[in-house]
Amino acid sequence: MKTLESHSTQNRGRTPRESGAGKNPDTIIDTSKMSAGQRAALEMTEAAREDGSASDFAGGLFQGNADFTKVIPFPEQSATDLDQGDAFLQRLESFLRERVDPDEIDETGEIPEEVIRGLADLGAFGIKVEPRHGGLGLSQTNYCRAAALLGSYCGNIAALVSAHQSIGVPQPLILFGTESQKRRFLPRVARGEISAFALTEAAVGSDPAKMRTEATPTQDGRHFVLNGEKLWCTNGVKAGVMVVMAKTPEKVVEGRSKKQITAFVVDVATPGVEVAQRCRFMGLKALYNGVIRFRNARVPCENVLLGEGKGLKVALSTLNTGRLTLSAACTGVAKRCLRISREWASSREQWGAPIGRHAAIADKIATMAADVFAMESMTLLAASRVDQDKRADVRMEAAMCKLWATERAWKIVDDAMQIRGGRGYETAASLKARGEEAIPVERFMRDCRINTIFEGSSEIMRLFIAREALNPHLRIGAPVLDSRLPLGARLRAALRAAWHYAGWYPLRWLPDWALPTRGGVRADMPRVIRGEFHFIRRAERRLARALLHAMAIHGPALEKRQMLLGRLVDIGTELFAMTASCSRAASLMRRQEAEESAELLALVSTFCRQARLRVEEAF
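Per our numbering, the sequence shown starts with residue 1, numbered consecutively.
See below:
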């Protein structure tokens, strides 16, 4: 939640280089007709894409063959993991209620030092850091639960804690750090030394090829000298250590000069590192976000993360966690707004009845409740995959969670303000001054607005997901259109593609009953939920056909049809939300009493009916 632009993701995506795209296999996309700037941006980002295809489930939704056994039954926390998370959350919630005043933080624009020290004492700055390095060693699921709690209470503290360990030093070190780097830095950040992440520049949002910050190796080969300036570095004002992305000297690979971006762990006490300015914003008044300047700052070579030229991979991989954390924080604030709206709707009377009895308000609350359940289900599902494998490929799930949760959370906050009316628009301080309960809907709205922008804006998220969805087709079909290849190679590629789609395409027209497997759908599920899964399966095949048709009609120009791609992505994201909600509801209902199960079934049915309408509209 932490960098104000979608600085690290674009429609060019991030999986592996392909060998069939021409003599210089930088990308499976033909770059010969692009401008130099477009080609540089594309090749650099494609080269940083992770190994392997997009995740087997979320990616499968766009191919019409999602493996539902991956998400049914809904993955649950182990008893030990749940107990550990509950114990920490209880301590954290008590601390927030007793020692934190979010409205005072909003008014002063500062988080008191005693609050930061208290969070450090709780272990809140090292939630996922292993105990041997001074952290709590909790799971990704428990980390997301903590982010939801923080998001429901104070957006400024949620940003501080999340930026510190989602995209700051802890997460990159956990994923890519050497043992020496972990021993040097993880105990510092786990104890409460704030960390930050520096990538965005004044001219660099989603286009890393324009990066100007440079790291030049010294003649003795022991250091790099950093020069440049980073913008909107969240936690930069408070940080003692940060991850910095910088250009390093180009290297010749297969006869071509290639630009290099490298990630460094930089101690802020290093001479030449300067906080030039603190940035101020509409919301998150205590966000410690600033302009960081580097003037001949010497960074030891042993502070390079993953390897020279691997900086974008570090950034792109790290942001998966950041997006999941943001989704969790949005779930927290949405839950809080739902609770506020329910309480007000039951106590506020107009025209002889509580306003919650009026259909217009009841509809808003029902939709809010359904969306909150879906947000939480999506986030927990994605987090469980990380817990199963810390290096799991969750880039599509994380992007879908971020896209969907931030947009629905904004709608929920807006509806909460509408339900509260003038009391929603009035500040908490003003409400308190005239004797009413200081309910901070106005603060939530200001703080929540940034969520659809940072960690990848909604527009960039749609293009990123679309690039990942197109990847299997590009592997097969791109060589046909690649003008860099000889005609014979293109003809052979065309024959291979024709053979593949001759088998692939007819299967996407088969009715649900004719497919060989029900894909994890269980006979003991409620009939309504089974029906939703059958809808999802039909819709995913329709989505796969629509994606292929779009490629056939528009060819290489499809990349520019961003509205079309956005609708296809929205369909896939809604299907993911429906899947997570139905799977979780089915698992919960097996453990609940009949009355609770009926309420839960009504909740998930409400969500799925509305999601179906959105899917049909997008088609």
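Using N, Cα and C, we set each Cβ at its ideal position, and we do this for glycine too.
**OP:** Using a threshold of 9 Å, state whether the C-beta atoms of Arg420 and Asp106 are closer than that.
**Re:** Reading the sequence shown from its first residue, position 420 is the one you call residue 420. Reading the sequence shown from its first residue, position 106 is the one you call residue 106. Cβ atoms of Arg420 and Asp106: not closer than 9 Å.
Original post:
Relative to the C-alpha of Thr248, which residue among Ser180, Asp482, Ala198 and Glu214 is closest?
Top reply: Residue mapping note: residue 248 aligns to position 248 of the sequence shown, counting from 1. Checking every option, the nearest Cα to that of Thr248 belongs to Glu214.
Original post:
Roughly how many whole angstroms lie between the Cα atoms of Ala383 and Val333?
Top reply: What you label residue 383 is simply residue 383 of the sequence shown in a count that begins at 1. What you label residue 333 is simply residue 333 of the sequence shown in a count that begins at 1. The C-alpha of Ala383 lies about 18 Å from the C-alpha of Val333.
Original post:
Based on the DSSP output, what are the partners of Lys247 in its beta bridges?
Top reply: By one-based count along the sequence shown, residue 247 stands at place 247. Beta-bridge partners assigned by DSSP to Lys247: Glu214 and Ile261.
Original post:
In terms of alpha-carbon separation, which member of Gln63, Leu474 and Ala392 lies closest to Thr321?
Top reply: The residue labelled residue 321 in the question sits at position 321 within the sequence shown. For Thr321, the nearest C-alpha among the options comes from Ala392.
**OP:** Taking 9 Å as the cut-off, decide whether the C-beta atoms of Thr406 and Cys330 are in contact.
**Re:** Residue mapping note: residue 406 aligns to position 406 of the sequence shown, counting from 1. Residue mapping note: residue 330 aligns to position 330 of the sequence shown, counting from 1. Going by C-beta atoms, Thr406 is nearer than 9 Å to Cys330.
**OP:** Report yes or no: do three or more beta-carbon pairs, one from the stretch 560 to 574 and one from the stretch 448 to 463, lie closer than 8 Å?
**Re:** At 8 Å Cβ cutoff, the stretches touch.
**OP:** Would you check if the distance between the CB atom of Leu119 and the CB atom of Ile157 is smaller than 9 Å?
**Re:** Reading the sequence shown from its first residue, position 119 is the one you call residue 119. Reading the sequence shown from its first residue, position 157 is the one you call residue 157. With contacts defined by Cβ atoms closer than 9 Å, Leu119 and Ile157 form a contacting pair.
**OP:** With DSSP collapsed to three states, give me the class of Phe619.
**Re:** For this step, residue 619 is matched to residue 619 along the sequence shown. The answer is coil: DSSP assigns Phe619 none of H, G, I, E or B.
Subject >> Simplified DSSP state of Ser458, which is helix, strand or coil >> reply: Walking along the sequence shown from the start, residue 458 turns up at place 458. It is helical.
**OP:** Give the straight-line distance between the Cα atoms of Glu5 and Leu515, rounded to the nearest whole angstrom.
**Re:** Along the sequence shown, read from residue 1 onward, the residue named residue 5 stands at position 5. Along the sequence shown, read from residue 1 onward, the residue named residue 515 stands at position 515. Reliability fails at Glu5, whose pLDDT of 38 lies under 50, so the model's placement of it is uncertain and the value that follows must be treated cautiously. For the pair Glu5 and Leu515, the Cα-to-Cα distance works out to about 43 Å.
Original post:
Going by DSSP, what residues sit across from Phe294 in a beta bridge?
Top reply: The residue given as residue 294 occupies position 294 in the sequence shown. Gly228 and Val273.
Original post:
So, is Trp499 buried or exposed, given that buried needs 16 or more other C-beta atoms within 10 angstroms?
Top reply: Taking the first residue of the sequence shown as 1, we reach residue 499 at position 499. Within a 10 Å sphere around the beta-carbon of Trp499 sit fewer than 16 other beta-carbons, which makes this residue exposed.
Original post:
If you scan the stretch 369 to 433 from start to end, which runs of the alpha helix (DSSP H) of 4 or more residues do you find wholly inside it?
Top reply: Restricting attention to alpha helix (DSSP H) runs no shorter than 4 residues, the stretch 369 to 433 encloses them at 395 to 420, 422 to 425 and 428 to 433, ordered along the chain.
Original post:
How would you write the range of the beta strand (DSSP E) that Ala66 sits in, first residue to last?
Top reply: On the sequence shown, residue 66 is found 66 positions in, with the first residue counted as 1. It is not in any beta strand (DSSP E) - Ala66 carries neither H nor E in the DSSP assignment.
Original post:
What did DSSP end up calling Ser139 once you bin it into helix, strand or coil?
Top reply: Translated into positions along the sequence shown, residue 139 becomes position 139. In the three-state DSSP reduction, Ser139 falls in the coil class, being neither helix nor strand.
Original post:
Whose C-alpha, out of Leu381, Arg446, Val394 and Ser377, is nearest the C-alpha of Lys411?
Top reply: As a working note, residue 411 is residue 411 in the sequence shown. Ranking the options by Cα distance to Lys411, first place goes to Arg446.
Subject >> Backbone CA spacing between Cys233 and Leu495 [nearest angstrom] >> reply: Numbered from its first residue, the sequence shown carries residue 233 at position 233. Numbered from its first residue, the sequence shown carries residue 495 at position 495. The straight-line gap separating the alpha-carbon atoms of Cys233 and Leu495 is approximately 50 Å.
Subject >> Cα-Cα separation, Ser346 to Ile355 >> reply: The residue you call residue 346 lines up with position 346 of the sequence shown. The residue you call residue 355 lines up with position 355 of the sequence shown. Their backbone Cα atoms lie some 7 Å apart in a straight line.
**OP:** Could you please give the first and the last residue of the uninterrupted beta strand (DSSP E) stretch that includes Ala79?
**Re:** Start at 1 with the first residue of the sequence shown, and residue 79 comes out as number 79. Where Ala79 is concerned, there is no enclosing beta strand (DSSP E), although the alpha helix (DSSP H) it sits in stretches over Ala79 to Arg99.
**OP:** Return the residue from the list Ala611, Thr218 and Glu599 that minimises the CA-CA distance to Asn296.
**Re:** In the sequence shown, counting from the first residue as 1, residue 296 sits at position 296. That would be Thr218, whose Cα lies nearest to the Cα of Asn296.
Original post:
Which same chain residues, not among the five before or five after Gly22, have their C-beta less than 7 Å away from its C-beta?
Top reply: Sequence index remark: in the sequence shown, residue 22 carries index 22 (1-based). Since pLDDT at Gly22 reaches only 37, below the 50 mark, its modelled position is unreliable, and the value read off the structure follows with that caveat. Same-chain partners within the cutoff: Asp482, Arg484 and Leu485.
Original post:
On the premise that Pro170 lies in contact with Ser195, defined as a C-beta separation below 8 Å, what is that separation, rounded to the nearest angstrom?
Top reply: Your numbering for residue 195 matches position 195 in the sequence shown. Your numbering for residue 170 matches position 170 in the sequence shown. About 7 Å separates the two Cβ atoms, so the contact holds.
**OP:** Could you name the residues of the same chain whose beta carbon sits closer than 7 Å to that of Met417, not counting the 5 residues immediately before and after it, in chain order?
**Re:** Locating residue 417 in the sequence shown gives position 417, counting from the first residue. If we look at Met417 and ignore the five residues flanking it on each side, its Cβ neighbours are Gly424, Tyr425, Val441 and Met445.
Original post:
By the 10 Å Cβ neighbour count, where 16 or more other Cβ atoms means buried, how is Arg584 classified, buried or exposed?
Top reply: Taking the sequence shown and counting its residues from 1, one reaches residue 584 at position 584. By the neighbour-count criterion, in which 16 or more other beta carbons inside 10 Å mark a residue as buried, Arg584 falls on the buried side.
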